[in-house]
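Notes to accompany the following structure.
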Amino acid sequence: MPPLNWTVGIMGEDFAFHHCSFDNRKYHPEWGDLFPGISDGNNCLWGYIRDGGETHGGLAVDQQATFAADGIAPVAVRRALTGTNGKTYRIDGRAISSTRIMAWPNMAANFILFEWDYEGRKGYGDTQAVIYRDAYRLIHRPR
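Take a look at the structure:
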């Protein structure tokens with residue numbers, strides 16, 4: 017399984033988002049072909065958007081993370097989150113703070129506080145960036 021992001025953001029009572037997804041393979045040619053079965057069209061496991069008092073399911077996420085030197089912790093994220101209402105929400109974020117959590121022996125996770133920007137509105141939330149041991153070995157093996 018490729019690196020996985022569990023993400024939430026809140027801009028106010030009228031707008032929030034939450035999703036669990038993988039980065040799009042097209043942004044990571046160095047590892048995109050290592051995970052067959054996960055394509056750019058099915059990288060959103062689940063999610064929702066709360067917009068103007070209505071909640072819509074998340075259909076797709078076009079997500080590109082920029083990683084720290086360790087290759088694990090995202091420092092910036094660009095995403096286009098498409099909802100069941102047909103609207104695409106372009107949300108960018110930058111990491112403010114993070115900590116590494118080693119909760120299980122088969123994975124590493126970074127809990128990152130993000131500042132999100134959506135149409136000029138600022139909001140906050142976290143991303144739990146998870147990479148499984150086998151994925152790390154695949155991605156960082158000598159080629």
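For the sequence shown, my numbering gives the first residue as 17, with consecutive numbering after it. Every residue, glycine too, gets a C-beta built ideally from N, C-alpha and C. All of these numbers come straight from a predicted model, not from anything done at the bench.
From residue i to residue j, what distance separates their C-alpha atoms?
i    : j    : result
I155 : Y148 : 11 Å
G57  : S113 : 30 Å
A32  : L50  : 33 Å
L75  : C60  : 7 Å
E46  : D78  : 18 Å
G99  : Y64  : 7 Å
G136 : R95  : 15 Å
D30  : R157 : 45 Å
Tell me whether residue i is buried or exposed, calling it buried when 16 or more other Cβ atoms sit within 10 Å of its Cβ.
i    : result
T104 : exposed
G68  : exposed
N126 : buried
I117 : exposed
A85  : exposed
A119 : exposed
P121 : exposed
W62  : exposed
Tell me the DSSP bridge mates of residue i?
i   : result
L20 : F38 and V146
W47 : Partner(s): none; W47 has no beta bridge.
Quick one, are the C-beta atoms of residue i and residue j less than 8 Å apart?
i    : j    : result
A151 : M17  : yes
I128 : D142 : yes
Using 8 Å as the limit for Cβ to Cβ distance, is residue i near chain D?
i   : result
M17 : The structure shown contains no chain D; it is built from a single protein chain.
In chain order, each beta strand (DSSP E) run of at least 3 residues that lies wholly inside the stretch 67-153: 70-83, 90-99, 104-120, 123-134 and 137-148
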